[in-house]
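Asker: 0 is the number of the first residue of the sequence shown in numbering that gives the first Met the number 0; add one for each residue after it.
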Amino acid sequence: MPNAPYLPRIIALITHLRAPEGPSRMARIVREVIPDYQARALVEIVETSVSDLRHTGKALEAREDVDLIICSGATAEYLRRHITTTILSIHMGEYDLIRALDLARGRATKVGIVSFQQAHPELDAMASLFTVDLRQATYTNFEEARQQVRQLADDGYRVIVGSSTAVELAEASGAQGVLALNSDAVRRTLDEALAICRSRAQSAIQQQRLNAVLRNLSDGVIAVDAQGLVQSINPRMVELLGISAERARERPLAELIPELDISAALGKGESEESRLIHAGGRTLVANVTPIIEQDRTDGVVISCQEPTTIQRADRRIRSQARPRQFTARYRFEQILGQASNFRALLELARRYADTDSTVLITGESGTGKELLAQSLHNDSQRQAGPFVAINCAAFPETLLESELFGYEEGAFTGSRKGGKSGLIEAAHTGTLFLDEIGDMPVSLQTRLLRVLQEREVLRLGASEPTPVDIRVIAATHCDLRGRMADGRFREDLYYRLNILRLVVPALRERSEDIALLASAILARLTLPEAAARAGRALLQQLMPRLETHRWPGNIRELENLVERAALSAQVLGSTKGQDEAALRRLFPELFEHPAPTLPAHEVTGEAIDLRSVGKARETAYAREVVEACNGDLDAAARQLGISRTTLWRRLRAGRPA
Numbered sequence: 000m001p002n003a004p005y006l007p008r009i010i011a012l013i014t015h016l017r018a019p020e021g022p023s024r025m026a027r028i029v030r031e032v033i034p035d036y037q038a039r040a041l042v043e044i045v046e047t048s049v050s051d052l053r054h055t056g057k058a059l060e061a062r063e064d065v066d067l068i069i070c071s072g073a074t075a076e077y078l079r080r081h082i083t084t085t086i087l088s089i090h091m092g093e094y095d096l097i098r099a100l101d102l103a104r105g106r107a108t109k110v111g112i113v114s115f116q117q118a119h120p121e122l123d124a125m126a127s128l129f130t131v132d133l134r135q136a137t138y139t140n141f142e143e144a145r146q147q148v149r150q151l152a153d154d155g156y157r158v159i160v161g162s163s164t165a166v167e168l169a170e171a172s173g174a175q176g177v178l179a180l181n182s183d184a185v186r187r188t189l190d191e192a193l194a195i196c197r198s199r200a201q202s203a204i205q206q207q208r209l210n211a212v213l214r215n216l217s218d219g220v221i222a223v224d225a226q227g228l229v230q231s232i233n234p235r236m237v238e239l240l241g242i243s244a245e246r247a248r249e250r251p252l253a254e255l256i257p258e259l260d261i262s263a264a265l266g267k268g269e270s271e272e273s274r275l276i277h278a279g280g281r282t283l284v285a286n287v288t289p290i291i292e293q294d295r296t297d298g299v300v301i302s303c304q305e306p307t308t309i310q311r312a313d314r315r316i317r318s319q320a321r322p323r324q325f326t327a328r329y330r331f332e333q334i335l336g337q338a339s340n341f342r343a344l345l346e347l348a349r350r351y352a353d354t355d356s357t358v359l360i361t362g363e364s365g366t367g368k369e370l371l372a373q374s375l376h377n378d379s380q381r382q383a384g385p386f387v388a389i390n391c392a393a394f395p396e397t398l399l400e401s402e403l404f405g406y407e408e409g410a411f412t413g414s415r416k417g418g419k420s421g422l423i424e425a426a427h428t429g430t431l432f433l434d435e436i437g438d439m440p441v442s443l444q445t446r447l448l449r450v451l452q453e454r455e456v457l458r459l460g461a462s463e464p465t466p467v468d469i470r471v472i473a474a475t476h477c478d479l480r481g482r483m484a485d486g487r488f489r490e491d492l493y494y495r496l497n498i499l500r501l502v503v504p505a506l507r508e509r510s511e512d513i514a515l516l517a518s519a520i521l522a523r524l525t526l527p528e529a530a531a532r533a534g535r536a537l538l539q540q541l542m543p544r545l546e547t548h549r550w551p552g553n554i555r556e557l558e559n560l561v562e563r564a565a566l567s568a569q570v571l572g573s574t575k576g577q578d579e580a581a582l583r584r585l586f587p588e589l590f591e592h593p594a595p596t597l598p599a600h601e602v603t604g605e606a607i608d609l610r611s612v613g614k615a616r617e618t619a620y621a622r623e624v625v626e627a628c629n630g631d632l633d634a635a636a637r638q639l640g641i642s643r644t645t646l647w648r649r650l651r652a653g654r655p656a
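Structure follows, in structure tokens:
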């Protein structure tokens, strides 16, 4: 036969000046309510006098079956100072007072209200609505309550509203008493008491589970009470401290771990993390956490680990922080553009997607090289495999080597136990995208060349290579030929990468797509309809300049400019498109001199061929490009398709002797 469910026992404690003859009014109210709770709690009524209150409270505290006590505010305040049993006050709410006042107004024209600790200012605000003269008084102890009631009675307030104690005091002073506490107030308090009991029961179950967990934790855990005495200790802490559990219990923590001061946790409820201590002949890392119960610090939990354990965990977290599944988000269908040279590029890229050959994508920064690489992967037979992207310019050489190739255990100081696979191995059966390949250190280019040739990777410190099945896509904004001339890029690696070539045109070379791209960028912004409409109008006004701008930042720059236009459009709307000075202030780059334009037969879709302008104009044309690039020699060299060194020689050759 299953055990009956446990019902919490709640004591309704009622205090009187003297023992009443028969059940008091408050006791009758509680008794009326009890049947509504008999399936959920055992509610017991206990009546006592003010003089016996402390003795009664101590007797209730000694009973093991009492879970909670409910009583009036003054009684609750007194008991909380003398017993540890949980106590709830039966609150006198505003609606309870109004109902009591409704009863009182038929008995007198002057009514006093006596409340514990604080008055009810909302009643003063509504005083004009009542047909009686109201006066409020407050008290904090029994003697003060007696004085307040006597003063009200002496001042002619013949009816006094308050708790059962206030009612008795009023009747002892010759006035009539009206009890403000009613069945609704008792029900509210009992509901709150049941919620507390349910919470405690759930906490007890959780504590049992927690104890089972603590017994099996790899961390050492010890719990102490509010006096600093050890209450529980798990097997791991016993091992760390080198003492028996029986010896540790009920002993002061200061005797077991003298270096650990928990006074701040016990006194102020303050936590402390990662404190180094010495105990049991070991160096430990301790965390101190206070136990808060009923807004009081009821104890402290200390968890300890050896530093080596934390170091191993830190390395493990770092090594596992990298996502196991690398994915590509973009597809060809998402790439916008109708320019003939751009559509030809996409068509060529779709054909390249069907192969496993290495692809080299070149183009200026901001043209969408990685977007194209992801689309190649998602349109290939490797789309179910990983897409692993790494920016070769974002890592220092030593870190890039270990990230790309991985390492064996003991390959270098601080290397992970068991070693670690690199990103090349992570790309197995998928695509490895090497962005900014032109910035890869020369020392690593040799190792990468072997991966491309042999399709196998040798970890740092390893003697045997690991075969990998990968497709390599590389991208760069650099002039790789110029870097080969400068010795910064290996020629054999260049020809190994440059099997299939995709040259992404700069935005200035596909000006007919600017309106389409600007519209799509604007649509992605989260804007109110009025702001979006104003933004479209402003972009339409700026379109002639947008289409002739040289776009050194390409689509990335266009995104910035469109967002600026969208946020500025409503302010500029009042100008009705006539204030060019305002446009110059907001969009100064659109009013700069455009880049020099090549004849149509000289536009190749890649860099400009400086030799095609003829020897006579070579130096002059180079100067025009440098001026258009605002003196940026790197940008000018990229546009001319030569190295910075070669450009410098061209410029010096044109100087007068």
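All C-beta atoms in this analysis are idealised placements derived from N, C-alpha and C, irrespective of residue type, glycine included. Computed from a predicted model, the values in this text were never measured in an experiment.
Skipping 5 residues on each side, what residues in its chain have a beta carbon closer than 8 angstroms to that of Ile86?
Answerer: Stepping through the sequence shown from its first residue, residue 86 is reached at position 87. Cβ neighbours of Ile86 beyond the five flanking positions: Leu67, Ile68, Ile69, Cys70, Ala75, Leu78, Arg79.
Asker: For Ala107 versus Val148, is the C-beta spacing smaller than 7 angstroms?
Answerer: As a working mapping, residue 107 is identified with position 108 in the sequence shown. As a working mapping, residue 148 is identified with position 149 in the sequence shown. Contact flag unset, no.
Asker: Use the C-beta contact count for Ile291: other C-beta atoms within 10 angstroms, 16 or more gives buried, fewer gives exposed.
Answerer: Position 292 of the sequence shown holds residue 291. The residue in question, Ile291, is exposed, as its Cβ has fewer than 16 Cβ neighbours within 10 Å.
Asker: If you draw a straight line from the alpha carbon of Arg381 to that of Ala372, how long is it in whole angstroms?
Answerer: If you number the sequence shown from 1, residue 381 lands on position 382. If you number the sequence shown from 1, residue 372 lands on position 373. Spanning the two alpha carbons is a distance of roughly 13 angstroms.
Asker: Got a sec? Which residues, its chain only, sit under 6 angstroms from Ile9 by beta carbon, not counting five neighbours each side?
Answerer: Walking along the sequence shown from the start, residue 9 turns up at place 10. If we look at Ile9 and ignore the five residues flanking it on each side, its Cβ neighbours are Ala40, Val42, Leu67, Ala192.
Asker: Kindly indicate which residue of His15, Thr296, Arg274 has the alpha-carbon position closest to the one of Cys303.
Answerer: Stepping through the sequence shown from its first residue, residue 303 is reached at position 304. Ranking the options by Cα distance to Cys303, first place goes to Arg274.
Asker: Would the beta-carbon of Ala568 fall within 7 angstroms of that of Leu537?
Answerer: In the sequence shown, counting from the first residue as 1, residue 568 sits at position 569. In the sequence shown, counting from the first residue as 1, residue 537 sits at position 538. Going by C-beta atoms, Ala568 is nearer than 7 angstroms to Leu537.
Asker: Quick check: the Cα distance between Leu16 and Thr137, rounded to an integer number of angstroms?
Answerer: The residue given as residue 16 occupies position 17 in the sequence shown. The residue given as residue 137 occupies position 138 in the sequence shown. Roughly 18 angstroms between the two C-alpha positions.
Asker: If we count the other Cβ atoms within 10 Å of its Cβ and call it buried at 16 or more, is Gln117 buried or exposed?
Answerer: Looking up residue 117 in the sequence shown gives position 118. Looking at its Cβ environment, which holds fewer than 16 other Cβ atoms inside 10 Å, Gln117 is exposed.
Asker: For Leu589 and Ala564, which I take to be in contact (beta-carbon distance under 8 angstroms), what is that distance rounded to the nearest angstrom?
Answerer: Position 590 of the sequence shown, counted from the first residue, corresponds to residue 589. Position 565 of the sequence shown, counted from the first residue, corresponds to residue 564. Going by Cβ atoms, the distance from Leu589 to Ala564 rounds to 10 angstroms, so no, they are not a contact pair.
Asker: Which term fits Ile204, buried or exposed, when burial requires 16 or more other beta carbons within 10 angstroms of its beta carbon?
Answerer: What you label residue 204 is simply residue 205 of the sequence shown in a count that begins at 1. Label assigned to Ile204: exposed.
Asker: Got a sec? Which residues, its chain only, sit under 7 angstroms from Leu516 by beta carbon, not counting five neighbours each side?
Answerer: In the sequence shown, residue 516 corresponds to position 517, counting from 1. Excluding residues within five positions, the ones whose Cβ falls inside 7 angstroms are Leu335, Ile554, Leu557.
Asker: What number of angstroms, rounded off, separates the C-alpha of Val65 from the C-alpha of Leu189?
Answerer: Taking the sequence shown and counting its residues from 1, the one referred to as residue 65 is at position 66. Taking the sequence shown and counting its residues from 1, the one referred to as residue 189 is at position 190. Distance between the alpha carbons of Val65 and Leu189 is about 14 angstroms.
Asker: Give the DSSP-derived three-state secondary structure of Arg643 in the structure shown.
Answerer: Working through the sequence shown from its first residue, we reach residue 643 at position 644. Arg643: helix per DSSP, three-state reduction.
Asker: Would you grab the beta carbon distance between Leu433 and Glu402 for me? Rounded to a whole angstrom, and I think it's under 8 angstroms.
Answerer: What you label residue 433 is simply residue 434 of the sequence shown in a count that begins at 1. What you label residue 402 is simply residue 403 of the sequence shown in a count that begins at 1. Wrong, their Cβ atoms sit about 12 angstroms apart, outside the cutoff.
Asker: I need the DSSP call for Arg208, collapsed to helix, strand or coil.
Answerer: Residue numbering aside, residue 208 sits at position 209 when the sequence shown is read from its first letter. If DSSP states are grouped into helix, strand and coil, Arg208 belongs with the helices.
Asker: Count the other CB atoms, across all protein chains shown, that sit within 10 Å of the CB of Gly173; report buried if there are 16 or more and exposed otherwise.
Answerer: Along the sequence shown, one-based indexing puts residue 173 at 174. Looking at its Cβ environment, which holds fewer than 16 other Cβ atoms inside 10 Å, Gly173 is exposed.
Asker: Count the other CB atoms, across all protein chains shown, that sit within 10 Å of the CB of Val441; report buried if there are 16 or more and exposed otherwise.
Answerer: Position 442 of the sequence shown, counting from 1, holds the residue named residue 441. Looking at its Cβ environment, which holds fewer than 16 other Cβ atoms inside 10 Å, Val441 is exposed.
Asker: Just tell me which of Arg246, Glu249, Gly241 has its CA closest to the CA of Arg281.
Answerer: Against the sequence shown, residue 281 aligns to sequence position 282. Measuring from the Cα of Arg281, the nearest candidate turns out to be Gly241.
Asker: Check the C-beta distance from Glu424 over to Thr465 and give it rounded, since I have them as a contact under 8 angstroms.
Answerer: Position 425 of the sequence shown, counted from the start, is the residue given in the question as residue 424. Position 466 of the sequence shown, counted from the start, is the residue given in the question as residue 465. Rounded, the Cβ-Cβ distance is 6 angstroms, consistent with contact.
Asker: With a 10 Å radius around its C-beta and 16 neighbouring C-beta atoms as the bar for buried, classify Ala312 as buried or exposed.
Answerer: Numbered from its first residue, the sequence shown carries residue 312 at position 313. The residue in question, Ala312, is exposed, as its Cβ has fewer than 16 Cβ neighbours within 10 Å.
Asker: Am I right that Leu12 and Val49 are in contact with their C-beta atoms under 8 angstroms? What's the rounded C-beta distance?
Answerer: By one-based count along the sequence shown, residue 12 stands at place 13. By one-based count along the sequence shown, residue 49 stands at place 50. At roughly 12 angstroms, the Cβ-Cβ gap does not stay under 8 angstroms, so Leu12 and Val49 are not in contact.
Asker: Let's test the definition: count the other Cβ atoms within 10 Å of the Cβ of Pro306 and tell me whether it reaches 16, buried, or not, exposed.
Answerer: As a first step, residue 306 must be located in the sequence shown, where it is residue number 307. By the neighbour-count rule (16 or more Cβ atoms within 10 Å), Pro306 is not buried but exposed.
Asker: Confirm, please, whether the CB-CB distance from Ser642 to Asp485 is below 7 angstroms.
Answerer: Within the sequence shown, the letter at position 486 stands for residue 485. Within the sequence shown, the letter at position 643 stands for residue 642. A contact, by the Cβ cut-off of 7 angstroms.
Asker: Using a Cβ-Cβ cutoff of less than 8 angstroms, which residues in the same chain neighbour Thr644 once the five nearest sequence positions on both sides are dropped?
Answerer: Counting from one through the sequence shown, the residue named residue 644 turns up at place 645. Closer than 8 angstroms at the Cβ level, and outside the excluded window around Thr644, lie Gly481, Ala484, Asp485.
Asker: On the three-state DSSP scale, how would you describe Ser114?
Answerer: As a working mapping, residue 114 is identified with position 115 in the sequence shown. Strand.
Asker: Return the Cβ separation of Arg549 and Phe341 in integer angstroms, given the expectation that the two are a contact with Cβ distance under 8 angstroms.
Answerer: Here residue 549 is taken as the residue at index 550 of the sequence shown, counted from 1. Here residue 341 is taken as the residue at index 342 of the sequence shown, counted from 1. The pair is not a contact, with the Cβ atoms about 17 angstroms apart (cut-off 8 angstroms).
Asker: Do the stretch 351 to 366 and the stretch 484 to 503 touch if we need at least three Cβ pairs shorter than 8 angstroms?
Answerer: Yes, the stretch 351 to 366 is in contact with the stretch 484 to 503.
Asker: According to DSSP, simplified to helix, strand and coil, what is Cys196?
Answerer: As a working note, residue 196 is residue 197 in the sequence shown. Cys196: helix per DSSP, three-state reduction.
Asker: Is the stretch 97 to 107 touching the stretch 206 to 224, taking contact as three or more C-beta pairs under 8 angstroms?
Answerer: The stretch 97 to 107 is not in contact with the stretch 206 to 224.
Asker: Quick check: Val166 and Gly176, are their CB atoms within less than 7 angstroms of each other?
Answerer: Residue mapping note: residue 166 aligns to position 167 of the sequence shown, counting from 1. Residue mapping note: residue 176 aligns to position 177 of the sequence shown, counting from 1. Taking 7 angstroms as the Cβ cut-off, Val166 and Gly176 qualify as a contacting pair.
Asker: On the DSSP bridge assignment, give the partners of Leu133 in chain order.
Answerer: Sequence index remark: in the sequence shown, residue 133 carries index 134 (1-based). Paired residue(s): Val110.
Asker: The alpha helix (DSSP H) spanning Asn377 covers which residue range?
Answerer: Here residue 377 corresponds to residue number 378 of the sequence shown, with the count starting at 1. Start and end: 368 to 377.
Asker: Thinking just about the alpha-carbon of each residue, which of Leu545, Val625, Leu566, Glu626 is nearest to the one in Pro587?
Answerer: As a position in the sequence shown, residue 587 is number 588, starting the count at 1. Measuring from the Cα of Pro587, the nearest candidate turns out to be Leu545.
Asker: How far does the beta strand (DSSP E) with Ser231 in it reach, from first residue to last?
Answerer: Counting from one through the sequence shown, the residue named residue 231 turns up at place 232. Looking at the DSSP string, the run of the beta strand (DSSP E) that includes Ser231 is 229 to 232.
Asker: Measure the Cβ-Cβ separation of Lys109 and Asp132 and say whether it is below 7 angstroms.
Answerer: Reading the sequence shown from its first residue, position 110 is the one you call residue 109. Reading the sequence shown from its first residue, position 133 is the one you call residue 132. Contact: yes.
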